[in-house]
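Chains as they are written, first to last, in full-length UniProt numbering: chain A, 1 to 299; chain B, 1 to 299; chain C, 1 to 299.
Dropping the structure here:
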């Protein structure tokens, strides 16, 4: 599978596997090990986590598989996130939902992720949400500490606006290597708010969450979802693709910013379909059919 | 007439003549030659085209006049645009309306414009619309090829947002010399979205399309059009101007970004009125009367 | 009281006293002198004016106190603004409300402020509103003249967007040291439009006008005001603060951009409460309770 070089050291697989729904999949440790092998066989080496996924349980569950199979660690890239504080039985001291991007929280959260994941090293750590109280110096100091101590290899953000990205970058000697944003055939905000322009300009390939619009693509009943589904089905038929998710991902892959879709399906068939999307090249006509079906303007 | 220096080599007349409606004017080649002479007499030396104007027929029609009068070529500046692909009898291979800012399309379109216009050189080539799929490296490569091969002298964009402009500029060794935007007494978006701030900051004088609001100024029946028309009429009376279009253009000319209005009227009287607008200097009171009549805020 | 260093020479008190309602306070010159002493005793050394406050009468009224007490001048910082032209009996030659940011107007307005205020020196001069016609070179020339002539020490803007700030800064050799913006627990625009990001990135501490939402905080009956008031009251109770305005100001003070609230109350008790807000440190939970009560999103 194609890889995207975010730094000299950090290469992600173009399709990233997302574990945020793991706790609803009812996979035991063996099944997780098997899934890791299956992803590897497809060339999907990058795995997306966050401290809060599965109500703070997801990383630990995944980490048991890594403990059983330490040989896998060097073959994969681990991504995690921090900065959101949830009310949870796992965190009884949390009074309410907050963001927290202080030095202390970032460092503690990253170290906790390392423990849960049974690893000594995160390949990539992201600030999960822009915190209206974020102190860019504090974030920079935390990132630089985690880098120097060898605990995290590279850093980025998620859901950041252009000015929020620039603010944090301005205080940081390391590059913010990515902005993980919501973008899909059904969600075009990043085409209009400057995010994709910034990503292309700075050559920081963005990661795409909800790359298949969280299932709305397959079953959404609103007008936009139905129109886009129809356009995807037409294109799938025209080019002989097996399923519409391949087309929806190929639509993201065609963008010059080098979007890396995160696929978070339990189904191996879906993961294979995602992997196959790299072999699909949409024509401009096909791409714009989908753009327009989603309500994208073309004045 | 005042000229605006976009580069050392490229000076445009402050008022630019727009040919986008040529095919509806029913002008024969002789009439086009005469119009060129009339414009020259007024100091209007810059002529705005696009590949798609008149359903791809406009440039060729204009080019016949240039073929008859090769002596005129050195006295005028030719501007064209590319990047939109229309469904048209002239382009039977086009499957649907698209944008196309690939290297191949830009170069082929510019070369086609040269043939139609019967010239060996475009003074200025613009990307007509921001293409959500635009690859800035590709655009830069096309522009640099056209520059090196002597086919185009300078480059710009049209309808680009601030971040889209910055993206393309970031990959280009040549300056983007202008952004041709919609701006008029009835269309203020560029005052609020950063476009005019960027134009002034980078000293890239913008061109104004629909500078007279596409006729809405004269006959629009909505509240905004009626209020603005009334304010324009009052000012025309106050300063003894012959017509409201002079005031509407003088309103644009007063802006410090050095806006270059494109006037696309068939009527010689209108063109003369436009030319005369350069002799009208609005006071701040007059300018703000019109701003406020159009709904512009003044907190 | 904490001071904020805007330049090496210019330090403002973290709480700034605002005089815009002076003419409605019915204070005589002695009372103004007393107010200056009271502010000094609290460490509030910075005083915010504008040419237009009190229908052009405010600065002169304040200036009488300074004339009586020239010893106070060196102990305080005087801030004024220019660029708005009001219809007023004090300015019979003004035809209508306008903005005017020409060289001539800026210089004349600043010189007039000096006369009214009975001082030879303004510590800080701001452009009051972004003028759609502003010529950044003109503004820069006026600022540099006022600096060179020793009449004004530092310069800034008010209510400027990010791109307007960047435009003016791009032509100015001096730093724009602040953007005086509307921000409060009830007014979050600057959290979303990039203004606070820019302020933090450039390390230009913003001043906050309507820092207590112009009284809506205390008596507003709309849903947002009621919810926020309730959250402020809860927090005041929790931490034993005397009043909700302390909490509302502490909420601004917690932001890492170093917001300087302007307090424009006639009541000495309110001014003391404002001063006390510097001793209140909100927890993140408390800050986000207020953010969310005001409708701030937390996805």
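Backbone N, C-alpha and C define an ideal beta-carbon position, used for all residues, glycine too. Predicted, not measured: the structure shown is a model, and the values here were computed from it.
Contacting residues, own chain, Cβ-Cβ under 7 Å from residue i (five flanking each side not counted)
| i | result |
| --- | --- |
| residue 119 of chain C | 66, 73 and 78 |
| residue 273 of chain B | 242, 243, 245 and 246 |
| residue 109 of chain C | 51 and 82 |
| residue 40 of chain A | 75 |
| residue 84 of chain A | 52, 99, 128 and 129 |
| residue 224 of chain A | 186, 294 and 295 |
| residue 142 of chain B | 103, 106 and 107 |
| residue 145 of chain A | 107 |
CB-CB length for residue i against residue j, believed under 8 Å
| i | j | result |
| --- | --- | --- |
| residue 266 of chain A | residue 25 of chain A | 5 Å |
| residue 13 of chain C | residue 51 of chain C | With 8 Å as the limit, residue 13 of chain C and residue 51 of chain C do not qualify as a contact, their Cβ atoms being about 22 Å apart. |
| residue 117 of chain B | residue 62 of chain B | 6 Å |
| residue 199 of chain C | residue 294 of chain C | 20 Å between Cβ atoms; not a contact. |
| residue 124 of chain B | residue 95 of chain B | Not a contact, Cβ separation roughly 30 Å. |
| residue 185 of chain A | residue 104 of chain A | Residue 185 of chain A to residue 104 of chain A, Cβ: 40 Å. No contact. |
| residue 284 of chain A | residue 133 of chain B | 7 Å |
| residue 7 of chain A | residue 177 of chain A | 6 Å |
| residue 277 of chain B | residue 253 of chain B | 6 Å |
| residue 290 of chain A | residue 232 of chain A | 6 Å |
| residue 136 of chain A | residue 167 of chain A | 5 Å |
| residue 69 of chain B | residue 33 of chain B | 5 Å |
| residue 210 of chain C | residue 42 of chain C | Not a contact, Cβ separation roughly 21 Å. |
Residue i - partner residues in DSSP beta bridges
| i | result |
| --- | --- |
| residue 12 of chain C | C:4 |
| residue 81 of chain C | C:126 |
| residue 248 of chain A | Bridge partners of residue 248 of chain A: none, in fact. |
| residue 18 of chain B | B:48 |
| residue 99 of chain C | C:84 |
| residue 91 of chain B | B:88 |
Residue i, DSSP secondary structure in three states
| i | result |
| --- | --- |
| residue 187 of chain C | strand |
| residue 261 of chain C | strand |
| residue 380 of chain B | This structure does not reach residue 380 of chain B, given that chain B is present from 1 up to 299, and the question cannot be answered. |
| residue 207 of chain A | strand |
| residue 157 of chain B | strand |
| residue 182 of chain B | strand |
| residue 176 of chain B | strand |
| residue 152 of chain C | strand |
| residue 266 of chain A | coil |
| residue 121 of chain B | coil |
| residue 162 of chain B | helix |
| residue 314 of chain A | Any question about residue 314 of chain A goes unanswered here, given that chain A covers just 1 to 299. |
| residue 299 of chain A | coil |
| residue 256 of chain C | coil |
| residue 243 of chain C | coil |
| residue 281 of chain C | coil |
| residue 167 of chain B | helix |
| residue 294 of chain C | coil |
| residue 25 of chain C | coil |
| residue 193 of chain A | coil |
| residue 63 of chain A | helix |
Close-in-space but distant-in-sequence residues of the same chain around residue i (CB under 6 Å, 5 per side omitted)
| i | result |
| --- | --- |
| residue 21 of chain C | 264 |
| residue 235 of chain B | 247 and 286 |
| residue 196 of chain A | 190 and 257 |
| residue 122 of chain C | 78, 80 and 152 |
The ligand SAM heavy atom lying under 8 Å from the CB of residue i
| i | result |
| --- | --- |
| residue 2 of chain A | The ligand SAM is not part of this structure, which contains no ligands at all. |
Residues near residue i in its chain [Cβ-Cβ closer than 8 Å; skip 5 each side]
| i | result |
| --- | --- |
| residue 55 of chain B | 23, 86, 88, 89 and 90 |
| residue 16 of chain B | 44, 46, 47, 48, 79, 207, 260, 261, 262 and 263 |
Closer than 9 Å to chain F by CB, residue i
| i | result |
| --- | --- |
| residue 214 of chain C | The displayed structure is made up of protein chains A, B and C, and chain F is not among them. |
Can you list, in chain order, the residues of the region 250–267 of chain B whose Cβ is nearer than 7 Å to any Cβ on chain C? 254, 255 and 256
Quick one, which residues of the region 194–207 of chain C are near chain A if we go by CB-CB under 7 Å, in chain order? 194, 197, 198, 200 and 201
To be precise: take each residue of the region 132–157 of chain A, compare its Cβ to all Cβ atoms of chain C, and keep it if any distance is under 9 Å. Which residues remain? 132, 133, 134, 135, 136, 137 and 138
Under 7 Å (Cβ pairs) to chain C, residues found in the region 167–198 of chain B: 191, 194, 197 and 198
If contact means a Cβ-Cβ distance below 8 Å, which residues of the region 36–61 of chain A contact chain C? none
Proximal residues, the region 269–290 of chain C versus chain A, C-beta separation under 8 Å: 284, 285, 287, 288 and 289
Could you run through the region 71–91 of chain C and flag, in chain order, every residue whose CB is less than 9 Å away from some CB of chain A? none
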